[in-house]
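Engineer: For the working numbering, count along the sequence shown from 1 and bump the result up by 351.
I am attaching a structure below and will ask some questions about it afterwards.
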Amino acid sequence: MPSLLAVFGHPDDESLSAGGVLARNAAEGSPTVVVTATWAEHTHRAAELAEALRLLGIPEQPRMLGYADSRVPASAPGSPRLCDAPLDEAVGRLVAHLREFRPDIVVTHDAYGGVTGHEDHVHTHRLTVLAVQAAGLERLYPEAGDPWRPRALYLATHPHSAVRVLGDFAEAGKGMRTVPDEWVTTTVDVRPWLQRKWAAVRAHRSEAERGAAPGLLAALPAQVREGILGTEWFIRQELITGARTESALRA
Numbered sequence: 352m353p354s355l356l357a358v359f360g361h362p363d364d365e366s367l368s369a370g371g372v373l374a375r376n377a378a379e380g381s382p383t384v385v386v387t388a389t390w391a392e393h394t395h396r397a398a399e400l401a402e403a404l405r406l407l408g409i410p411e412q413p414r415m416l417g418y419a420d421s422r423v424p425a426s427a428p429g430s431p432r433l434c435d436a437p438l439d440e441a442v443g444r445l446v447a448h449l450r451e452f453r454p455d456i457v458v459t460h461d462a463y464g465g466v467t468g469h470e471d472h473v474h475t476h477r478l479t480v481l482a483v484q485a486a487g488l489e490r491l492y493p494e495a496g497d498p499w500r501p502r503a504l505y506l507a508t509h510p511h512s513a514v515r516v517l518g519d520f521a522e523a524g525k526g527m528r529t530v531p532d533e534w535v536t537t538t539v540d541v542r543p544w545l546q547r548k549w550a551a552v553r554a555h556r557s558e559a560e561r562g563a564a565p566g567l568l569a570a571l572p573a574q575v576r577e578g579i580l581g582t583e584w585f586i587r588q589e590l591i592t593g594a595r596t597e598s599a600l601r602a
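Okay, structure coming up:
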């Protein structure tokens, strides 16, 4: 069974962008972990993240890179904002997690940073792409452990055709960042795991209370919410030429 490591910008991104796939992977007994780029351990959002992963069926505690949210400096007191952190240092932190966990598959944001284009999402994409490449090179970050090269990288995304459904959620899709449908390599119907996914989204209570995505979704009719959350889309990038990977992200 392929192991999966997901890297997302903030607590709640994992549930919103790939919660169904994460729940399915864990339910099938595949080793699954989540690395979150911002917010420090022992903060309220880290606690919410741990609860969300439990609800998704992931036994491992979340792994935190420990940088500050670009819009909430208090999210990691004494640490730089993710986008301001030295690039080499941030990549090295993620390489250490990749080499320790040794995943077959890595999942992260697409190059747009998802439909919102949040700067932390975009930077997390960049860090992950660099770290996945660096993790397999023995002369890079030798202190981070023995080299490991994942087999595939999946970018969580939304195709242009999804705007019709997402329009109920985000002002008829204005300003949303989506990709051409033909770029999407894997479309996953996650409705069988939607109960777990929605419970995990709701675990991010502070985001719901401030009116962010979990709160906006909670205000929608259940049928509309299912249409938004019931499908997950990914762009697959092969990392080992000719390798045969039984993907956890099969359609």
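Glycine included, every Cβ here is placed at the ideal spot set by N, Cα and C.
Assuming alanine 590 contacts arginine 477 under a Cβ cut-off of 8 Å, what Cβ separation, rounded to an integer in Å, is found between them?
Structural biologist: The amino acid occupying residue 590 in the given sequence is leucine; alanine does not appear at that position. Wrong, their Cβ atoms sit about 16 Å apart, outside the cutoff.
Engineer: Check threonine 459 in the structure and name its three-state DSSP category.
Structural biologist: Reduced to three states, the DSSP call for threonine 459 is strand.
Engineer: According to the neighbour-count rule (16 or more other Cβ atoms, all chains shown, within 10 Å of its Cβ), is methionine 415 buried or exposed?
Structural biologist: It is buried - the Cβ of methionine 415 has at least 16 other Cβ atoms within 10 Å.
Engineer: Note down the Cα distance separating valine 552 from arginine 444, rounded to an integer number of angstroms.
Structural biologist: Their Cα atoms are separated by approximately 26 Å.
Engineer: Buried or exposed: which applies to methionine 352, given that a residue is buried once 16 or more other Cβ atoms fall within 10 Å of its Cβ?
Structural biologist: Classification of methionine 352: exposed, given that the 10 Å Cβ count is below 16.
Engineer: Roughly how many angstroms separate the alpha carbons of tryptophan 499 and alanine 485, rounded to a whole number?
Structural biologist: One C-alpha to the other measures close to 9 Å.
Engineer: In the DSSP assignment, what residue or residues form a beta bridge with threonine 582?
Structural biologist: Beta-bridge pairing links threonine 582 to Asp540.
Engineer: Which partner residues does tyrosine 492 have in the DSSP bridge list?
Structural biologist: Note: tyrosine 492 sits in no beta bridge, so no partner.
Engineer: In chain order, which continuous runs of the beta strand (DSSP E) of length 3 or greater are located wholly inside the stretch 375–415?
Structural biologist: The qualifying runs are 383–389.
Engineer: May I ask you to list the residues that DSSP assigns as paired with alanine 357?
Structural biologist: Its beta-bridge partners are Val385 and Val458.
Engineer: How about valine 457 and valine 483: do their beta carbons lie closer than 8 Å?
Structural biologist: For valine 457 and valine 483, yes; Cβs fall inside 8 Å.
Engineer: Count the other C-beta atoms from every protein chain shown that fall within 10 angstroms of the C-beta of histidine 448, then say buried if there are 16 or more, exposed otherwise.
Structural biologist: Histidine 448 should be labelled buried.
Engineer: Would you say the stretch 557–574 touches the stretch 524–537, given that touching needs at least three Cβ pairs under 8 Å?
Structural biologist: Verdict: no, contact absent.
Engineer: On the DSSP letters alone, give me the boundaries of the alpha helix (DSSP H) that leucine 506 sits inside.
Structural biologist: Looking at the DSSP string, leucine 506 is not in any alpha helix (DSSP H); the run it does join, the beta strand (DSSP E), is 503–508.
Engineer: Output needed for arginine 405: all residues of its chain with C-beta closer than 6 Å, excluding positions within five of it in sequence on either side, in chain order.
Structural biologist: Cβ within range, chain order: n/a, list empty.
Engineer: Leaving out five residues before and five after leucine 545 in sequence, what residues of the same chain have Cβ atoms less than 8 Å from its Cβ?
Structural biologist: Result list for leucine 545: Gly371, Glu577, Leu580 and Gly581, in chain order.
Engineer: If we ignore side chains and look at the alpha-carbon of each, how far apart do serine 421 and histidine 509 end up?
Structural biologist: When rounded, the distance between both Cα atoms is 23 Å.
Engineer: Distance, Cα to Cα, glutamate 558 vs tryptophan 534?
Structural biologist: Whole-angstrom Cα-Cα distance: 31 Å.
Engineer: Using 8 Å as the threshold, is the C-beta distance between histidine 555 and aspartate 363 below it?
Structural biologist: Cβ distance < 8 Å, so histidine 555 and aspartate 363 count as in contact.
Engineer: Mind checking whether valine 384 and glutamate 411 have CB atoms under 8 Å apart?
Structural biologist: In this structure, glutamate 411 lies closer than 8 Å to valine 384 by Cβ.
Engineer: So what does DSSP say about glycine 524, is it helix, strand or coil?
Structural biologist: Per-residue confidence for glycine 524 stands at a pLDDT of 44, beneath the threshold of 50, marking its modelled position as unreliable; the derived number appears in the next sentence. Helix.
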